[in-house]
Structures are given as structure tokens and as C-alpha cells.
Amino acid sequence: MSDVSVVSTFSSDDECAQAILSLEHARMQGYRAFFPFPSEKILEANTHVRRLPRSPVRLWVLLGGITGFLSAIALTVGTSWEWNLYTGGKPIASIPPYIIIMFELMILIGGLAGITGFFFHSNLPAFESEAGYNPRFGGSKFGLVIRCEEAEAAGIESLMRDAGAEDIQREA
Amino acid sequence: MAAAVETNIPPTYVDIDRSVQRALAPGGLKYWLWVLFCAFLTALGIGFWTNQIYKGLGVTGLTEPTMWAPYITNFVFWVGIAHSGTLISAILFLFRSRWRTAVYRLAETMTVFAVATAGLFPLIHLGRVWFFYWCVPYPNQRYLQPDFRSPLVWDFFAISTYLTISTLFLFMGLIPDVANARDVATGWRKTLYSILAFGWQGTDRQWRNFSMGYLLLAGFATPLVLSVHSVVSWDFAMTQLPGWHSTIFAPYFVAGAIFSGCGLVLTLIIPVRRLLHLEDVVTIWHLDNLAKVVLLTSLIVSYSYACESFMVWYSQDPIEIVTFNQRYFGPQGYLFWIMVTCNCLIPLLLFVPRIRTNVIWLFIISIFVNIGMWLERFVIIAGSLATSTEPSQWRFYTPQVTEIVLTVASFGWFLMNFSLFAKFMPIVSMTELKEGISWLRQAVRETYPYRKAA
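Taken in order, these protein sequences are the chains called A and B.
All residue numbers for the first sequence refer to my numbering, where the first residue is -16 and numbers rise by one.
All residue numbers for the second sequence refer to my numbering, where the first residue is 9 and numbers rise by one.
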């Protein structure tokens, strides 16, 4: 049973990524990394250690885009059939000009769905701080919070120190 | 794995935070006087608009055949201004351009407020604005047929989508920076930033979804930016009117939009970096690159002018020739030549590196670009309409005080919103500057010789 958190602070994303990779050897997946910008190194290390698939946000965007496209077909073609006035000798439902509406609604609904997916999968809005969060992690430092059993804590701290942690604290 | 980033070479992460957060310090008396002045212009515009609503469009100089003049010019101008924001934030993001990081937030902010300003002008132009919803293309019970074949309906969808996506893009990028500001803010600002940050803490899970969402939004915004100004150009090009009916309009308008938008980014960023003390993060190197984009798009716009004229001459269509003859040498031909001077000749100065790296020159050139691009839209819109019919019915538009005040008020409205945003929200992205800190350091290094030369 995990009962302590080891909070390590790093001054660079290289060190933080290295620390995450070192957790793989220790078979530790119960960690949370905090970093001030989307560091590719940390994201790659995290994906590698946790064997993560690509973010599900892309599926939201895909489904939103398809929904928007289909909605635009329904809106344009459906409305034209309902108001079936011949103008300029053109067909009632003339697809080429409708493609513009389809494109715009595909982007609109896809974008809105993407933002919704981002919020949903990122647990936002979050009303409580994650354990171990420190405001420094939003500014200039990189944090790694590892939940482990107290007996494992010393080993974890050693790993973090080897990876270059400048500060290590143990929290209940 | 890439080489490790040194953490102790200036500017450091802390330096970036300090520079950007310093800009969020409460504004002084001069700042509030400026905001008040912009608010006064806005209020003046509201007053004149109210008068126009009460008395009708007769208070303007709009009359047959020139029913589209400064209001639609302002609409196209502000939509065009918006485009560089998306170019810098989305398109250059996809291309991993190094210099965009310091200027993209300002450009995005400009985009959102410019589209919001542009959206007002079709309403102002309507006259009976309370019937605006009659124009909204949805199936209804009023025997009004929403004609999805009309470019004006395309425009409605394009502008609405563009405003929404631009706002989302700005909002999403702001979240990590607002969270950063939240962690150091106090008082009501902390409350404001806490609400807008949505509890963001920069966890691996949040960044993973953020990166994907932001990338896809940028991917969506890129074709959108091209489509929107193409659609705006088709408001004109799809008609049979000489001077408007041209296949070159879509790319020509897109290039012009990016040109004018980058011009306004320069106009805004030069005072902003000085007044908010952002010289350390928005360096001369960034301005130099922005100036290169202005120069490139100026050349494209100049080429478009030449192509347009060549096509008219080559077609030997007598009506087109008369229209363009009037455009160049008619009673308002001087506007065309001012436009050419501002858009084609003055930007050529940017070929000189010393001018590209001198903020005063850049600022002056950017003002000329803004004037030139406003005139371009006016010449195309009002000039073509004035000579579109039988010569006996030709009438050149003469502005009245209402249109002049509303045009000036649109700048007041835009600058008021922009100034408030710049003081209350991080106007430079701390997140992306940190991500590309090695590039920023290079920029600071490359800036030094310029400073020395100056």
C-alpha cells in the first residue's frame, strides 16, 4: 500500500525526463510529473514508461469534425429541399457552394469538440490541487511526485538524486 | 535526445517569468488616460451609430451606386488584420518557426479583437440593426429563404467560425500562462486568474492532452485562415461587377490580409515591448523576422496589383478598361497612388537590414502599411462601385462625419480592448518562450550586434 509521496524538484527537463525513465527500471508507474511547458523530452519519457497511446483528444476532434460536416449537409441540402426555389437555373441543392458551409462547420464543431475533449481528459476544471504540486512547477522548476510505500522511499530518493534532483522531500 | 538545455545562461526560465509578469503590474495614470481616451472614441462611435439608427442611413454619404463604402471597407480591413494572428500562431506553429514564440500571443489577441471589431460593421451597415437576425441563415417561418449559394451566407459562416476558433485558440494557449500568473498573483487578480486557469497545474496528463489539442486546433486554424479571407474576397469576386469580378481575388486578398495584419502587429508590438518593458523577450531579432514577412507579403501584393492590371489590359474588355482607368486616373485616382506608395514602394525599405532592425523605422513603415491597406480596400470597394453603371449614373463616394467617426471609433474600440488585455493577461507566452529558450537565447545574442550598430 502506497503511503508516502517523494517530491523531487529538477531544474531542467532533461533531468526530469531522465528521472522518469529511471522509474521504469524500478517498475514504478505511480507518479505524477509537473512541468512549466510541454517538454517533448518529458512527454516522450512518460509515454514510454507508461506505454501510453496517443491522446484521445484527437478522436474528439475527428468525431466533432465529422458531426459538423454531416450537420452542414443536413442544414444546406435539407433547407434547400424545404425551400425549393429555382434561382439562376441552378439545381435546388447545388453541392459546390455548399462545400464551403460544410468545411466551416466541420472546423467549428471539430474545434469545439477538441476543446471539450481536452478539458474532459485533463480533468479540468480541477477544484483541488494535485498532491505534491508546488507553484514553482508552473514557473521555472520541474517536479516529480512518486507515491510509494515507505520502505521503497529511500531507494526512490536515491534514483532521483542520481537523475539530478536538486531538492527531494518526503510527504505523507 | 537533443543536447541538454543550460539552465543558468540568461535569459533563464525565471527571467522570462519576471519579464512577462512585470508587464502585468497595475497600470499607471498614463495607461488609464490612454484607455479612457480609447473609451471616449468608442463612446463617440456609439453616439454616432445611435444617431444613424435613429435618423437612418441618410446621415452617411452612402448613396446609389456606392452603397458599400467605408463600413464594408472597415469590415474587410479588420478581418484582414485578423489573419496575421492566425498565420503567426497557427501556421508558423505547424512549421515550428523559431521567432513566433515571442509575438504570437499579441498577434492572436489582435486577431480576436480585430474579428470582433470587423463583425460590428455589417451590423452598422444594416441600418435597421434590430432586424439583424433576418440575415442569419437558418430555416425559419418568415418566408425568408436562406440561400446557401450566396457568398454573403458563406461569409456569415466563415466569420462566425473564425471568431470562435480564434478565441478558443487564444483561450487554450492562455491557460498555462494564466495558471503561472495565478501562482504569484494576490487579491482579485488571483481570483480572476484562478477562474481562468480552470485549476491547471501542468501535469503530464494535462500537457499530453494540451499538446494534442493545440496541434489539432492549429491544424484546423490553418486552412480556416486561408478560407476565411478567400470567402471575404468572393463577396466581391462572385459578382459581375467590373473591378470585382476577378479570379485572382482569393490569393490576392489572403496575401493582403497577412501583409496588413503583420503591419499592425508591428505597430502594436513596438510600443508594447517598450511600455511594458518586454525588450528582453521580444527582441530586435523577432521584429526583424516580422519585418521580413511584411516585405515578402508586400512583394506578393505588388505582384497581384501588376497581374490585375495586366489581365485587364490583356482582356481588352472595354468596361474593365474604363473601370481601371478611373481607378488610376479618375477623380479619386490619388487614393490608388497613395495605396501603391504605401503598400508597394515604402515596404521596399525593409530590404535594408539596418531599417529592419530599427524600431522607429519599423513603426513608421508599419503605419504606412496600415494606411495603404485600408485604402486598398476602399479603392476596390467604393471605387469599383462608383463607376459600375452607365456613366451618367457614376457617382464617387464622399464621406460624411458619421462614417469618419465610426471608422476612428473602431480603432478606439480595438485599442481599448487590446490595451486592457495587455495589462491583465500575459501578452507574451511564457510557456512557449520557455519551450524554445535556446532560440530566445540565440535571439538575445543576435540582438546584441544590432544594438551595438544602432
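Just so it is clear, CB atoms sit at the ideal spot from N, CA and C, and this is done for glycine as well.
Please read these numbers as outputs of a predicted model, since none were measured by experiment.
- Secondary structure of Gln152/A, DSSP reduced to three states: Taking the first residue of the first sequence as 1, we reach residue 152/A at position 169. Gln152/A: strand per DSSP, three-state reduction.
- So what does DSSP say about Thr255/B, is it helix, strand or coil? As a working mapping, residue 255/B is identified with position 247 in the second sequence. If DSSP states are grouped into helix, strand and coil, Thr255/B belongs with coil.
- Message: Using a Cβ-Cβ cutoff of 7 angstroms, what residues of the region 107 to 120 of chain A are near chain B? List them in chain order.
- Response: Those would be Leu107, Pro108, Ala109, Phe110, Ser112, Glu113, Tyr116, Pro118 and Phe120, in chain order.
- Pairwise C-alpha distance: Tyr81/A and Leu68/A: Here residue 68/A refers to the residue found at position 85 when the first sequence is read from its first residue. Here residue 81/A refers to the residue found at position 98 when the first sequence is read from its first residue. Rounded to whole angstroms, Leu68/A to Tyr81/A spans 16 angstroms at the Cα level.
- Item | Gly93/B, buried or exposed, once every other Cβ within 10 Å from all chains shown has been counted against 16 | Numbered from 1 along the second sequence, position 85 holds the residue referred to as residue 93/B. A residue is called buried once 16 or more other Cβ atoms fall within 10 Å of its Cβ, and Gly93/B is buried on that count.
- Message: Suppose the cutoff is 8 angstroms on Cβ atoms and the five residues either side in sequence are ignored; what does the same chain contact list for Leu428/B look like?
- Response: Locating residue 428/B in the second sequence gives position 420, where the first residue counts as 1. The beta carbon of Leu428/B lies closer than 8 angstroms to those of Val43 in the same chain, with the five residues before and after it left out.
- Under the three-state reduction of DSSP, which class applies to Ala10/B: helix, strand or coil? Translated into positions along the second sequence, residue 10/B becomes position 2. Any answer about Ala10/B is weak, because its pLDDT of 44 lies below 50 and its placement is not dependable; what the coordinates show is given next. Note: Ala10/B maps to coil in three-state DSSP.
- Query: Does any heavy atom of the ligand ATP sit closer than 6 angstroms to the C-beta of Asp325/B?
  - Reply: The ligand ATP is not part of this structure, which contains no ligands at all.
- Query: Between which two residues does the beta strand (DSSP E) containing Gly126/A stretch?
  - Reply: Walking along the first sequence from the start, residue 126/A turns up at place 143. Gly126/A -> beta strand (DSSP E) spans Phe125 to Cys131.
- Item | Whole alpha helix (DSSP H) elements within the region 391 to 456 of chain B, 4-residue minimum | 409 to 432 and 438 to 443
- Message: Quick check: is the beta carbon of Asn188/B nearer than 7 angstroms to any beta carbon in chain C?
- Response: Checking the listed chains, one finds no chain C in this structure; the protein chains it contains are A and B.
- CB contact below 7 angstroms: Leu176/B versus chain A: Within the second sequence, the letter at position 168 stands for residue 176/B. Closer than 7 angstroms: yes.
- Proximal chain B residues relative to Thr(-8)/A, where beta-carbon distance stays under 9 angstroms: For the purposes of this step, residue -8/A is identified with residue 9 of the first sequence, where counting begins at 1. Those within 9 angstroms of Thr(-8)/A in chain B number zero; the least Cβ separation is about 12 angstroms.
- Message: By the three-class DSSP mapping on this structure, what secondary structure does Thr70/A have?
- Response: The sequence position of residue 70/A within the first sequence is 87, counting from 1. Three-state DSSP puts Thr70/A in coil, outside helix and strand.
- Task: Find the residues of chain A that neighbour Tyr21/B, judging by a C-beta separation of less than 7 angstroms, and give them in chain order.
- Result: Locating residue 21/B in the second sequence gives position 13, counting from the first residue. Neighbours of Tyr21/B on chain A, chain order: Pro19, Gly122 and Ser123.
- For Thr172/B, return the contacting residues in chain A, with the cut-off set at a CB-CB distance below 8 angstroms. Position 164 of the second sequence holds residue 172/B. For Thr172/B, the C-beta contacts it makes with chain A under 8 angstroms involve Leu91, Gly94 and Leu95, in order along the chain.
- Trp447/B to Arg106/B span [Cα, whole Å]: Reading the second sequence from its first residue, position 439 is the one you call residue 447/B. Reading the second sequence from its first residue, position 98 is the one you call residue 106/B. Roughly 6 angstroms separates the two Cα atoms.
- Under the assumption that Ala189/B contacts Pro19/B (Cβ atoms under 8 angstroms), give the Cβ distance between them as a whole number of angstroms. As a first step, residue 189/B is located in the second sequence; it is residue number 181 there, counting from the start. As a first step, residue 19/B is located in the second sequence; it is residue number 11 there, counting from the start. About 18 angstroms; that fails the 8 angstroms criterion.
- Please look up how many angstroms separate the CB atoms of Ile132/B and Trp57/B, rounded, as I've assumed it's under 8 angstroms. Counting from 1 along the second sequence, the entry for residue 132/B is found at position 124. Counting from 1 along the second sequence, the entry for residue 57/B is found at position 49. About 6 angstroms separates the two Cβ atoms, so the contact holds.
- Item | 4-residue-minimum alpha helix (DSSP H) runs that sit fully inside the region 57 to 133 of chain B, ordered along the chain | 78 to 94 and 112 to 126
- Message: Can you tell me whether Thr81/B is buried or exposed? The criterion is at least 16 other CB atoms within 10 Å of its CB, across all chains shown.
- Response: Residue mapping note: residue 81/B aligns to position 73 of the second sequence, counting from 1. Burial call: buried.
- Task: Counting only the same chain and skipping the five closest in sequence on each side, list residues whose C-beta sits under 7 angstroms from that of Asp(-3)/A.
- Result: Taking the first residue of the first sequence as 1, we reach residue -3/A at position 14. Lys24, listed in sequence order.
- Rank Trp162/B, Lys198/B, Ser219/B and Val290/B by C-alpha distance to the C-alpha of His237/B and give the top, closest one. Walking along the second sequence from the start, residue 237/B turns up at place 229. Of the listed residues, the one whose Cα sits closest to His237/B is Trp162/B.
- Query: Using CA coordinates, which residue listed in Leu358/B, Arg385/B and Thr291/B is at the minimum distance from Ile372/B?
  - Reply: In the second sequence, residue 372/B corresponds to position 364, counting from 1. Out of Leu358/B, Arg385/B and Thr291/B, Leu358/B has the C-alpha closest to the C-alpha of Ile372/B.
- Query: For the alpha helix (DSSP H) that Phe344/B lies in, which residues bound it at each end?
  - Reply: Numbered from its first residue, the second sequence carries residue 344/B at position 336. Looking at the DSSP string, the run of the alpha helix (DSSP H) that includes Phe344/B is Gly341 to Val348.
- Message: Strictly below 8 angstroms CB to CB, what residues from chain B border Ile83/A?
- Response: Mapped onto the first sequence, residue 83/A falls at position 100. The contacting residues are Trp162, Phe165, Ala166, Ser235 and Val239.
- Query: By Cβ distance below 8 angstroms, which residues in the same chain neighbour Ile56/A in space, the five residues on each side in sequence not counted?
  - Reply: Counted from its first residue, the first sequence places residue 56/A at position 73. Answer for Ile56/A: Tyr81 and Met85, listed in chain order.
- Counting along the chain, where does the alpha helix (DSSP H) carrying Thr59/A start and finish? Taking the first residue of the first sequence as position 1, residue 59/A is located at position 76. Where Thr59/A is concerned, the enclosing alpha helix (DSSP H) stretches over Val40 to Glu65.
- Message: Let me check one thing: in DSSP terms, what residues is Val(-13)/A bridge-paired to?
- Response: Here residue -13/A refers to the residue found at position 4 when the first sequence is read from its first residue. BP columns for Val(-13)/A point to Cys131/A.
- Residues bridged to Phe(-7)/A [DSSP beta-bridge criterion]: The residue labelled residue -7/A in the question sits at position 10 within the first sequence. Under DSSP, Phe(-7)/A takes part in a beta bridge, and its partners are Phe125/A.
- Message: Less than 7 angstroms between the beta carbons of Trp252/B and Phe261/B, yes or no?
- Response: Residue mapping note: residue 252/B aligns to position 244 of the second sequence, counting from 1. Residue mapping note: residue 261/B aligns to position 253 of the second sequence, counting from 1. Their beta carbons are not under 7 angstroms apart, which means Trp252/B does not touch Phe261/B by this criterion.
- Quick one, are the C-beta atoms of Gly207/B and Ala28/A less than 7 angstroms apart? What you label residue 207/B is simply residue 199 of the second sequence in a count that begins at 1. What you label residue 28/A is simply residue 45 of the first sequence in a count that begins at 1. No.
- Touching or not, the region 1 to 19 of chain A and the region 135 to 148 of chain A, by the rule of three or more beta carbon pairs under 8 angstroms? yes
- Query: Counting along the chain, where does the beta strand (DSSP E) carrying Arg385/B start and finish?
  - Reply: Position 377 of the second sequence, counted from the start, is the residue given in the question as residue 385/B. No beta strand (DSSP E) contains Arg385/B, which is instead part of the alpha helix (DSSP H) from Val367 to Phe386.
- Message: Relative to the C-alpha of Pro159/B, which candidate in Phe318/B, Gln209/B, Val186/B and Cys143/B has its C-alpha closest?
- Response: Sequence index remark: in the second sequence, residue 159/B carries index 151 (1-based). Among Phe318/B, Gln209/B, Val186/B and Cys143/B, the Cα nearest to that of Pro159/B is on Cys143/B.
- Which residues in the same chain as Ser306/B place their Cβ atom closer than 8 angstroms to its Cβ, once the five residues preceding and following it in sequence are excluded? Looking up residue 306/B in the second sequence gives position 298. For Ser306/B, where only same-chain residues beyond five positions count, the Cβ hits under 8 angstroms are Phe267, Asn351, Cys352, Pro355, Leu356, Leu358 and Val377.
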